[in-house]
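*Asks:* Here it is: the structure, laid out below.
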Amino acid sequence: HVCAGKLSMANAGPNSNSSQFFISTVPCSHLDNVNVVFGEVKKGFGVVEEISQVATDKDRPIQEFLFKLPSELKPDEDWGIAESDGTIDKYPPYPEDLDLSSYSLEVEAFQNIISDIKNSGNHFYNTKDYEQADRKYKKAQRYIEWYRTKPKENELDKGQKIYVAEEIICLLNSAAVSLKRRLFRDALLSCDKVLKIDNENVKAMFRRGQALRGLNDYDGALRDLKRARTFSKNDRIINAEIISLKTEMNNYLQREKIIFEKMFKKWSKKQCSWMTEHQL
């Protein structure tokens, strides 16, 4: 159990065994001489890590997972780890599983891989399959982060400029998808990441404003939208969003006013009743 990705038998204590097994996601040296390792994950460990991070309720994942029936791979048989969803993305979900003998890590060549993944996300976005679109944009981000550890020294500056721009696009696309799915905190996180890279990015300000509005942080939303407008004064979409937000804020205040007026009237009646009952 010295490293992650080990398949180990479950048991019920010393000198016992079980038909169940688990996959370690971190080194587990404390399990040595307790549980028996019988294999390891050779490909697709990123998927295992992704599943392990899903929130659970009473040890059951809150998301539904579908596992296909296991089968045995024959010698030299394709592992089937590459994407096969009808788009131009033919790459594994996680870059660690990329066959480096088949792909170049030169800047322009790898940029084509990023573009294929990103454009697959655009395909799903245009067909309103927002969950799949988000999966692709996040995949492109993983490939970018992984590639940053790989470029040759003489291509580092060139690669950094290209992939910073690509990362911003993917993060903005993720934010747009999250807004469509009403996952406002996810959208907020994506926009925050963009603004750490480029604090004058108008799209990030605008979409963060939309995310904050979805979270009912009207003051924060208005602040971001007004700041976006300072960089793009004649943008009709930004101006329309500000007008819409101000209308919503006013409606909210009116509803609050009515609620408090009713509460005050009830309180006043109770006070009058109490004073009548306790008159000397």
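For the sequence shown, the tail end lands on 280 under this note's numbering, and the numbers increase by one without skipping.
Where is the CB? At the ideal position from N, CA and C, for every residue including glycine.
Owing to the predicted nature of the structure, the values given are computational and were not obtained by experimental measurement.
Per the contact definition of three or more C-beta pairs closer than 8 angstroms, is the segment 111-118 in contact with the segment 82-91?
*Replies:* yes
*Asks:* The beta strand (DSSP E) with V37 in it runs from where to where?
*Replies:* As a first step, residue 37 must be located in the sequence shown, where it is residue number 37. Per DSSP, the continuous beta strand (DSSP E) segment holding V37 begins and ends at V37 to E40.
*Asks:* Using DSSP's beta-bridge definition, name the partner residues of F21.
*Replies:* The sequence position of residue 21 within the sequence shown is 21, counting from 1. DSSP lists M9 as partners of F21.
*Asks:* Counting only C-beta atoms, is K257 closer than 8 angstroms to chain D at any point?
*Replies:* Among the chains of the structure shown, chain D does not appear; only one protein chain is present.
*Asks:* Take D192 and list the residues in its own chain whose beta-carbon comes closer than 6 angstroms to its own, dropping the five residues that flank it on each side.
*Replies:* Mapped onto the sequence shown, residue 192 falls at position 192. Correct list: empty, nothing qualifies.
*Asks:* Let me know if D134 comes out buried or exposed under the rule of 16 or more other beta-carbons within 10 Å of its beta-carbon.
*Replies:* For the purposes of this step, residue 134 is taken as the residue at position 134 of the sequence shown. Looking at its Cβ environment, which holds 16 or more other Cβ atoms inside 10 Å, D134 is buried.
*Asks:* Compare the C-alpha of V47 against each of E96, E166, I259 and Q254 and name the closest.
*Replies:* On the sequence shown, position 47 is the one that residue 47 refers to. Measuring from the Cα of V47, the nearest candidate turns out to be E96.
*Asks:* Determine which residues share a DSSP beta bridge with P61 and list them.
*Replies:* Taking the first residue of the sequence shown as position 1, residue 61 is located at position 61. Per DSSP, T56.
*Asks:* I'd like to check one pair, L222 with L245: are the Cβ atoms closer than 8 angstroms?
*Replies:* Sequence index remark: in the sequence shown, residue 245 carries index 245 (1-based). Sequence index remark: in the sequence shown, residue 222 carries index 222 (1-based). Yes. Within cutoff.
*Asks:* Name the residue from S71, L73, E72 and V54 whose alpha carbon lies nearest to the alpha carbon of E64.
*Replies:* Numbered from its first residue, the sequence shown carries residue 64 at position 64. For E64, the nearest C-alpha among the options comes from V54.
*Asks:* Could you say which of G13, L179, R148 and K161 lies nearest to R208 if we only look at CA atoms?
*Replies:* Sequence index remark: in the sequence shown, residue 208 carries index 208 (1-based). Selected option, being the one with the closest Cα: L179.
*Asks:* Could you please give the first and the last residue of the uninterrupted alpha helix (DSSP H) stretch that includes D85?
*Replies:* As a working mapping, residue 85 is identified with position 85 in the sequence shown. Neither: D85 is in no alpha helix (DSSP H) and is coded neither H nor E.
*Asks:* What residue range is occupied by the uninterrupted alpha helix (DSSP H) comprising D219?
*Replies:* Residue 219 sits at position 219 when you count from the first residue of the sequence shown. Element bounds for D219: Y218 to F231.
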